[in-house]
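According to numbering that gives the first Met the number 0, the stretch in the sequence shown is residues 0 to 34, in order.
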Amino acid sequence: MHSIILEIDVSKETFDADILINNKSEIMSVKITKV
Numbered sequence: 000m001h002s003i004i005l006e007i008d009v010s011k012e013t014f015d016a017d018i019l020i021n022n023k024s025e026i027m028s029v030k031i032t033k034v
């Protein structure tokens, strides 16, 4: 398993999306936090 960190800029507010992907390239979980 590995995770991908995305930074999302939504209407001048920044969010971090932590997406956990298994070895079949299926998304296991998405955690979005406001920074």
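Every residue, glycine too, gets a C-beta built ideally from N, C-alpha and C.
CB contact flag (I20, S2, <8 Å): It is a contact, given that the beta carbons lie within the stated cut-off.
List the DSSP bridge partners of V29. Paired residues: I18.
Helix, strand or coil, according to DSSP, for V9 in the structure here? It is a strand residue.
Cutoff 8 Å; reference V29; Cβ partners in own chain excluding five residues on either side: For V29, where only same-chain residues beyond five positions count, the Cβ hits under 8 Å are A16, D17, I18 and L19.
Within the same chain, show all residues whose beta-carbon is closer than 6 Å to that of E12, passing over the 5 residues directly before and after it, in chain order. Around E12: no qualifying Cβ.
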